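Student:
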Amino acid sequence: MKRRNSMSPPPDMSEMRIVLLGNSWSERSSVGNFLLGENKFNTVEEVDCHVSIQSKEIVLINTPDLLHSSISEDKLRGHVEKCVRLSDPGPHVFLLVIQPEDFTEEHKLRLCEILNIFSDYSFDHSLVLKSTPRTKSRMYSQPLEDLIRKCRRRSLRRKFLEVHELQSKIKEIIAHNDGNHLICHPSTAGAPVQNGLRIMLFGMSHKKKTSLFNFIRNVKESGFPRILRTSQVSHHGEWRGKPLIVVKTPDIFTLPVERVREEIRSCVSLCPPGPNVLLLLVKPS
């Protein structure tokens with residue numbers, strides 16, 4: 013990694029709270045130190061760091077190795093609850109630091125379980141940071157690809173990464189969530205919301221799906237960045253005092269059957285336990 017400048021939050025935020033997760037403590041610590049521009053994480057006892065930069069507070073939390081299957085469910089929830097306290101009132105971004113060749117299906121399921129304990133909406137606040145592989149490989153493992161898909165295809169490679177690139181991606185995630193931090197309920201997290209509206213939009217026209225998506229959200233926007241045209245997008249809000257989730261599906265009509273199944277599974281995971289309304293945008297002709 014190359015170090016260019018220090019991390020600073022958006023000008024309208026007094027504090028930015030970031031949680032490091034992954035399958036290697038040393039890799040997570042390296043990313044944390046790189047992000048802060050100084051060595052703050054040197055031992056496993058140093059789990060959090062508060063740094064003031066240009067009158068802004070950066071809170072960076074390095075979790076213990078939670079991906080080990082030997083950790084009981086109670087201890088896992090205890091670690092998550094401690095992390096929630098350290099990031100009170102809630103984290104803005106999860107940095108998922110992954111060593112590709114060591115990342116297994118078991119690791120993926122464990123990491124997804126951890127994120128779901130924080131909140132059902134944790135993936136909306138997550139970024140996968142892929143460490144430099146120790147061995148040459150042309151492609152990443154399926155578990156890693158699945159994780160990236162769950163994180164709305166947000167990922168970066170550590171090799172040759174500069175601070176301003178990581179900083180920009182973090183700000184992008186915060187902006188996508190309207191500057192809001194994640195609301196965590198670790199004692200009840202993982203249980204799907206049953207009494208709200210969970211809407212999934214289908215259609216061939218990206219423009220019309222976007223228009224309807226924004227209409228439901230009650231916002232005026234011209235559209236999504238080009239990268240979001242081929243990926244699912246979700247919104248969490250309220251309607252008449254009840255939870256509202258809206259998921260805009262990508263263009264699935266030109267994809268092979270197996271890819272369609274993957275996209276649908278990914279979209280369903282954004283509105284657990286599944287949509288209760290399907291909106292199909294079609295031309296009468």
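Take 13 as the starting number for the sequence shown in our numbering and just add one per residue.
Glycine included, C-beta positions come from ideal geometry on N, C-alpha and C.
For clarity, every value in this text was computed on a predicted model and none was experimentally measured.
1) Leaving out the 5 sequence neighbours to the left and right, which residues in its chain are closer than 6 Å to F135 when beta-carbon positions are compared?
2) Which of the three DSSP states, helix, strand or coil, is assigned to L224?
3) Decide if N252 is buried, meaning its Cβ has at least 16 other Cβ atoms within 10 Å, or exposed.
4) From C124 to S297, what distance separates their C-alpha atoms?
5) Using 8 Å for Cβ pairs, my map puts H80 next to V105. What's the rounded Cβ distance?
6) Work out the CA separation of L159 and F46 for me, nearest whole Å.
7) How should T147 be labelled, buried or exposed, when 16 other C-beta atoms within 10 angstroms of its C-beta is the threshold for buried?
8) Assuming E143 and P112 are in contact, meaning their beta carbons sit under 8 Å apart, how far apart are those beta carbons, in whole angstroms?
9) I need the straight-line Cα distance from D114 to S82, nearest angstrom please.
10) Identify the residues that DSSP records as bridge partners of P255: which are they?
11) Which of helix, strand or coil does DSSP assign to V272?
12) Return helix, strand or coil for S138, following the three-state DSSP convention.
13) Closer than 8 Å is the cut-off here; do at least three beta carbon pairs connect the region 262-270 with the region 288-296?
14) Using three-state DSSP, classify F46 as helix, strand or coil.
15) Taking a contact to mean a Cβ-Cβ separation below 9 Å, would you say V258 touches R229 in this structure?
16) Tell me, which residues are paired with G286 by DSSP?
17) In this structure, how does DSSP classify G235 when only helix, strand and coil are distinguished?
18) Reducing DSSP to helix, strand and coil, say where R164 ends up.
19) What are the start and end residues of each continuous alpha helix (DSSP H) run of 4 or more residues lying completely inside the region 65-146, in chain order?
20) For my contact list, F130 and V92 are in at a C-beta cut-off of 8 Å; report their separation, rounded to the angstrom.
21) I'd like to check one pair, L141 with V43: are the Cβ atoms closer than 9 Å?
22) Just confirm the distance between the C-beta atoms of N128 and R210, as a whole number of angstroms; I'd bet it's less than 8 Å.
23) Roughly how many angstroms lie between the CA atoms of S223 and I195, to the nearest whole one?
24) Compute the beta-carbon to beta-carbon distance between L33 and L156, rounded to the nearest angstrom, for a pair I have assumed lies under 8 Å.
25) With a Cβ-Cβ cutoff of 9 Å, do M212 and L121 count as a contact?
26) If you count every other CB in all the chains shown that lies within 10 Å of the CB of K171, and 16 or more means buried, which is it?
27) L78: which of H248, E50, R29 and N35 sits nearest, CA to CA?
Tutor: Reading off the structure:
1) For the purposes of this step, residue 135 is taken as the residue at position 123 of the sequence shown. Taken in chain order, the residues that qualify are K162 and C163.
2) In the sequence shown, counting from the first residue as 1, residue 224 sits at position 212. DSSP places L224 in helix when its eight states are reduced to three.
3) Taking the first residue of the sequence shown as 1, we reach residue 252 at position 240. It should be pointed out that residue 252 corresponds to Arg in this sequence rather than to Asn. Label assigned to R252: exposed.
4) The count along the sequence shown starts at 1 and reaches residue 124 at position 112. The count along the sequence shown starts at 1 and reaches residue 297 at position 285. The alpha-carbon atoms of C124 and S297 are separated by roughly 43 Å.
5) Position 68 of the sequence shown, counted from the start, is the residue given in the question as residue 80. Position 93 of the sequence shown, counted from the start, is the residue given in the question as residue 105. That pair is no contact at about 24 Å.
6) Position 34 of the sequence shown, counted from the start, is the residue given in the question as residue 46. Position 147 of the sequence shown, counted from the start, is the residue given in the question as residue 159. Roughly 23 Å between the two C-alpha positions.
7) Residue mapping note: residue 147 aligns to position 135 of the sequence shown, counting from 1. Classification of T147: exposed, given that the 10 Å Cβ count is below 16.
8) Mapped onto the sequence shown, residue 143 falls at position 131. Mapped onto the sequence shown, residue 112 falls at position 100. The sequence shown places Ser at residue 143, not Glu. With 8 Å as the limit, S143 and P112 qualify as a contact, their Cβ atoms being about 7 Å apart.
9) One-based indexing of the sequence shown puts residue 114 at position 102. One-based indexing of the sequence shown puts residue 82 at position 70. The straight-line gap from Cα to Cα measures roughly 17 Å.
10) Indexing the sequence shown from 1 puts residue 255 at position 243. Answer is E250.
11) Translated into the one-based positions of the sequence shown, residue 272 becomes position 260. DSSP places V272 in helix when its eight states are reduced to three.
12) For the purposes of this step, residue 138 is taken as residue 126 along the sequence shown, with counting starting at 1. It is a strand residue.
13) no
14) Here residue 46 refers to the residue found at position 34 of the sequence shown. Helix, per DSSP.
15) Reading the sequence shown from its first residue, position 246 is the one you call residue 258. Reading the sequence shown from its first residue, position 217 is the one you call residue 229. For V258 and R229, yes; Cβs fall inside 9 Å.
16) For this step, residue 286 is matched to residue 274 along the sequence shown. Answer is none; G286 lacks a bridge partner.
17) If you number the sequence shown from 1, residue 235 lands on position 223. Confidence at G235 is low in this model, with a pLDDT of 47, below 50, so its placement is unreliable and no value can be given for it.
18) Numbered from its first residue, the sequence shown carries residue 164 at position 152. R164: coil per DSSP, three-state reduction.
19) 85-98 and 117-130
20) Taking the sequence shown and counting its residues from 1, one reaches residue 130 at position 118. Taking the sequence shown and counting its residues from 1, one reaches residue 92 at position 80. About 6 Å; that satisfies the 8 Å criterion.
21) Taking the sequence shown and counting its residues from 1, the one referred to as residue 43 is at position 31. Taking the sequence shown and counting its residues from 1, the one referred to as residue 141 is at position 129. Taking 9 Å as the Cβ cut-off, V43 and L141 qualify as a contacting pair.
22) Position 116 of the sequence shown holds residue 128. Position 198 of the sequence shown holds residue 210. 16 Å between Cβ atoms; not a contact.
23) Your numbering for residue 223 matches position 211 in the sequence shown. Your numbering for residue 195 matches position 183 in the sequence shown. For S223 and I195, the distance between alpha carbons rounds to 28 Å.
24) Taking the first residue of the sequence shown as 1, we reach residue 33 at position 21. Taking the first residue of the sequence shown as 1, we reach residue 156 at position 144. That pair is no contact at about 14 Å.
25) By 1-based counting over the sequence shown, the position of residue 212 is 200. By 1-based counting over the sequence shown, the position of residue 121 is 109. Result no, Cβ atoms of M212 and L121 do not sit closer than 9 Å.
26) For this step, residue 171 is matched to residue 159 along the sequence shown. Counting Cβ neighbours within 10 Å, K171 comes out exposed, since fewer than 16 surround it.
27) Stepping through the sequence shown from its first residue, residue 78 is reached at position 66. Of H248, E50, R29 and N35, the residue nearest in Cα terms is N35.
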